[in-house]
Structures are given as structure tokens and as C-alpha cells.
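One structure is given here, and the rest of the page talks about it.
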Amino acid sequence: KAGVTQTPRYLIKTRGQQVTLSCSPISGHRSVSWYQQTPGQGLQFLFEYFSETQRNKGNFPGRFSGRQFSNSRSEMNVSTLELGDSALYLCASLGGIGAEAFFGQGTRLTVV
Amino acid sequence: EDKVVQSPLSLVVHEGDTVTLNCSYEVTNFRSLLWYKQEKKAPTFLFMLTSSGIEKKSGRLSSILDKKELSSILNITATQTGDSAIYLCAAGTQGGSEKLVFGKGTKLTVNP
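Taken in sequence, the protein lines are chains D and Z. Going by this note's numbering, the first sequence wraps up at 124, each residue one higher than the last. Going by this note's numbering, the second sequence wraps up at 597, each residue one higher than the last.
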């Protein structure tokens, strides 16, 4: 059974640009969550999608957005990139309510 | 504001030692307490605890939840160099979405 797949693995972008990250959950999982991990703040919740609907959003500016497709794949977008957006972005896939979350390898975003 | 605090933040031990990692939480609508191990990128799932006082065990690792004290511990016996990693504790919340609130992690270094 394939795990959670995130693409790309690494990205380097310039301040002001925008970026789109992709996450394919474990087959059959309908819930996808996104987290930002930085050395100073640890893992912070960005948002969670279930059946193409955003059910919860963390405390991040509107530049961070996401969506989920009918096949449960999810994308997150960050517009007008800032240096502080440099981080590891992790996607988690859940098989049901209260189930454990399984993480992908992450996308390492560097903003220069 | 939801909060998870882990201690110690870092720990250096010798192979064969036993370690105890601590996690305390203050979250609204608490559902579960999860432990993850992060070596390079993807946090890998260790345990999910929902009931107080029931120990979960996997090989040399074990964990228990104390809902009265709002805390959990992760024990690792007979540590090996391969146990070197960051151990993350997360509180899962309920209420219509799947959100994890993470602590900053405990960095464990096991020296030969």
C-alpha cells in the first residue's frame, strides 16, 4: 500500500513569487491535513480537508490556501512568498475520524 | 489557546540507557494523544492513546496517558543509536475536523 506522496521534495523560490505543493494521501483516506514545520515554531497546523471541503484552518495569513480534489489529492498554495515562509511543509493523511495521521516526506521550501 | 509542552527539549544518553520523555497538553475538545518519531523528514507514527492508564507497547517503546494530569510519557528501554531522533507529541482534537497540536519535540541523541 503506497504511503503519502508529496511533490516536489525541494523548492527554491524568490520572494514575491507563489508556489503550489501537492499531496496524494494513502488510498482510501479522505482527510488531508497540512502542517508547516520550522525550527523555531515546530509543527503548526495549516488546514484540513475532507471530501473537498476545508473543515478547519490554522492561524496563518490568507496567502496560504489549499484545496482538495475529488480523488482526495490536495494542493496548497502560498502566494507572495516571504523569507519567513521557508519551512518544511508536511501533509498528513487520515483514514477516519480519530484515526492516526500518517505523514508524507514533506516539501522543503526555501525562499530567497 | 491549545498548547502541548514537551520536556526535556534535548537529551543525550549512552546506548543501553532507559529514557523517559514527557508531554503535557492543554487543548479544548481533547480526543487523543499521539507520539511520532522524526529522523529526517516524515514523522513516523508510534502510538495513539485515548484511554487513561492503559499502556501501549511496541518492542522497547511504551507509552501511557494520564488524563487527570493531562500528560503522557514515552519510555524507551535499552536505547540504541538508531533511536536517535526527534520525538514529537501531539494532541488530537475533536469537533468536526482532524487537527493535531504538536509540541516542539524532544531531541534524543544516543551515543555508542
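Beta carbons: idealized from backbone N, C-alpha and C, even for Gly. Note that the coordinates shown come from a computational prediction; the quantities given were computed from them, not determined experimentally.
List the residues of chain Z whose Cβ lies closer than 8 Å to the Cβ of S45 of chain D, in chain order.
Simply E583, K584, L585.
So who's on the other strand from S41 of chain D, going by DSSP bridges?
Going by the sequence as given, residue 41 of chain D is His instead of Ser. DSSP output for H41 of chain D lists no bridge partner at all.
Report the partner residues of R120 of chain D according to the DSSP bridge assignment.
BP columns for R120 of chain D point to D:Y22, D:L100.
List the residues of chain Z that E87 of chain D touches, going by C-beta distances under 9 Å, in chain order.
By Cβ distance, chain Z contributes nothing, its closest Cβ being about 18 Å from E87 of chain D, past 9 Å.
Reducing DSSP to helix, strand and coil, say where L494 of chain Z ends up.
If DSSP states are grouped into helix, strand and coil, L494 of chain Z belongs with coil.
Cβ atoms of L58 of chain D and E583 of chain Z: under 8 Å apart, would you say?
No.
Strictly below 9 Å CB to CB, what residues from chain D border Q579 of chain Z?
In chain order: I109, G110.
Taking C-alpha atoms, which residue in Z:S495, Z:K589, Z:G538 lies nearest to Q56 of chain D?
For Q56 of chain D, the nearest C-alpha among the options comes from Z:K589.
Three Cβ pairs or more, each shorter than 8 Å: is that satisfied between the segment 31-39 of chain D and the segment 496-505 of chain Z?
Touching, no.
Under 8 Å, Cβ to Cβ, is there at least one residue of chain D near F515 of chain Z?
No, no contact with chain D.
Nearest-angstrom Cα distance between F515 of chain Z and F115 of chain D?
Roughly 21 Å between the two C-alpha positions.
Whose CA, out of Z:T562, Z:K592, Z:L555, Z:V595, lies closest to the CA of T535 of chain Z?
Considering only alpha carbons, the answer is Z:L555.
Would the beta-carbon of C574 of chain Z fall within 8 Å of that of Q523 of chain Z?
Cβ distance not < 8 Å, so C574 of chain Z and Q523 of chain Z don't count as in contact.
Between Y572 of chain Z and L585 of chain Z, how many whole angstroms is the CB-CB distance? I'm expecting something under 8 Å.
About 15 Å; that fails the 8 Å criterion.
How close, in whole Å, do the beta carbons of V123 of chain D and R27 of chain D come, if the pair is a contact with beta carbons under 8 Å?
Sure, about 6 Å apart at Cβ, within 8 Å.
Once DSSP output is grouped into helix, strand and coil, what is the label at L95 of chain D?
It is helical.
Less than 8 Å between the beta carbons of L93 of chain D and Q53 of chain D, yes or no?
No. Outside cutoff.
Taking Cβ positions only, does A113 of chain D come closer than 8 Å to chain Z?
Closer than 8 Å: yes.
Alpha carbons only, please: which of D:A14, D:P51, D:N68 is nearest the one belonging to V44 of chain D?
When each option's Cα is compared against that of V44 of chain D, the closest is D:N68.
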